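Residues -21 to -1, 1 to 129 in mature numbering (1 follows the signal peptide of the UniProt record, and there is no 0) are what the sequence shown lists, from first letter to last.
Glycine included, C-beta positions come from ideal geometry on N, C-alpha and C.
Note that the structure is predicted; figures quoted are calculated from it, not measured.
Following: one structure in structure tokens, then a few remarks.
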Amino acid sequence: MAAGALALAAVLALAACSAPAGENGGMAGGADPAANTGGDTGAYHKITAEEAKALIDEGGVTVVDVRTPKEYADGHVPGALNIPNEDIGSARPSQLTGTDDKLIVYCRTGVRSKQASDKLVALGFTDVNDMGGIVDWPYGTVAGSEPDGA
């Protein structure tokens, strides 16, 4: 009888540990707790390369490449500013003027752009769009150390 009670307790413990998301404090609706996205909450927005291109074509956007200067010089989105992720700290980057400016942030694969987007939001920027990585950018790039490729 004691063995049966022990087995029942083990089954109940396993069932409690494997409760689906949305129960017992989990994230409902399959939300990704690692994605800091949202509307007007001061969070950044995750966008595709196609959405980024459309925003760039509309104008009025600042594109920020957060890769190293060497990576940037090897090829970047035309017009992008190079502000390495490691240089974004507790003070607003001097190249970025207004906290309400529309920003598109990218790196090589999306890891540093996410980190930089989080930091920019924490610094008070309100319209941050994380494009992810340049590896997903199907449009032309320019080489050189200046935004226009010079």
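*Excluding the five sequence neighbours on either side, which residues of its own chain have a C-beta within less than 6 Å of the C-beta of T41, listed in chain order?*
Counted from its first residue, the sequence shown places residue 41 at position 62. The residues are D80 and L82.
- Item | Residue range of the beta strand (DSSP E) that includes I83 | Position 104 of the sequence shown, counted from the start, is the residue given in the question as residue 83. First-last of the beta strand (DSSP E) with I83: K81 to C86.
- Query: Going by the beta-carbon positions, is the gap between P57 and G119 smaller than 8 Å?
  - Reply: On the sequence shown, residue 57 is found 78 positions in, with the first residue counted as 1. On the sequence shown, residue 119 is found 140 positions in, with the first residue counted as 1. Going by C-beta atoms, P57 is nearer than 8 Å to G119.
### Message
Let me confirm a value: S92 is counted as buried when at least 16 other C-beta atoms fall within 10 Å, else exposed. Which label applies?
### Response
To locate residue 92, count along the sequence shown from 1; it is residue 113. Buried.
Exercise for the section: Apply the 10 Å Cβ neighbour rule to A95 and answer buried if 16 or more other Cβ atoms are within range, or exposed otherwise. Expected result: Reading the sequence shown from its first residue, position 116 is the one you call residue 95. Counting Cβ neighbours within 10 Å, A95 comes out buried, since at least 16 surround it.
Simplified DSSP assignment, three categories, for L60:
For this step, residue 60 is matched to residue 81 along the sequence shown. Reduced to three states, the DSSP call for L60 is strand.
Within the continuous beta strand (DSSP E) that includes V107, where are the two ends?
By 1-based counting over the sequence shown, the position of residue 107 is 128. Run containing V107: D106 to G112, per the beta strand (DSSP E) assignment.
**Request:** Go through its chain and collect everything with a Cβ distance to G39's Cβ below 7 Å, but skip five positions before and after it.
**Result:** For the purposes of this step, residue 39 is taken as residue 60 along the sequence shown, with counting starting at 1. The residues are K81.
Alpha-carbon to alpha-carbon, Q74 and P126
Taking the first residue of the sequence shown as 1, we reach residue 126 at position 147. Taking the first residue of the sequence shown as 1, we reach residue 74 at position 95. In a straight line, the C-alpha of P126 is about 12 Å away from that of Q74.
Do N108 and A59 count as a contact pair if the criterion is CB distance below 8 Å? Numbered from its first residue, the sequence shown carries residue 59 at position 80. Numbered from its first residue, the sequence shown carries residue 108 at position 129. No, the Cβ-Cβ distance between A59 and N108 is not below 8 Å.
So the beta strand (DSSP E) D44 belongs to, where does it begin and stop? On the sequence shown, residue 44 is found 65 positions in, with the first residue counted as 1. V40 to D44 is the span of the beta strand (DSSP E), which, as asked, contains D44.
Whole-angstrom distance between C86 and D97, CA atom to CA atom: Taking the first residue of the sequence shown as 1, we reach residue 97 at position 118. Taking the first residue of the sequence shown as 1, we reach residue 86 at position 107. Taking the straight line from one Cα to the other gives about 14 Å.
| task | Can you check DSSP and say which residues form a bridge with V100? | result | In the sequence shown, counting from the first residue as 1, residue 100 sits at position 121. Paired residues: none, contrary to the question.
*asked:* Going by DSSP in three states, Y118 sits in which element: helix, strand or coil?
replied: Here residue 118 is taken as the residue at index 139 of the sequence shown, counted from 1. In the structure shown, Y118 sits in coil (DSSP, three-state: anything other than H, G, I, E or B).
Just how far apart, CA to CA, sit T47 and G103?
Taking the first residue of the sequence shown as position 1, residue 47 is located at position 68. Taking the first residue of the sequence shown as position 1, residue 103 is located at position 124. Each residue's Cα considered, the two are about 23 Å apart.
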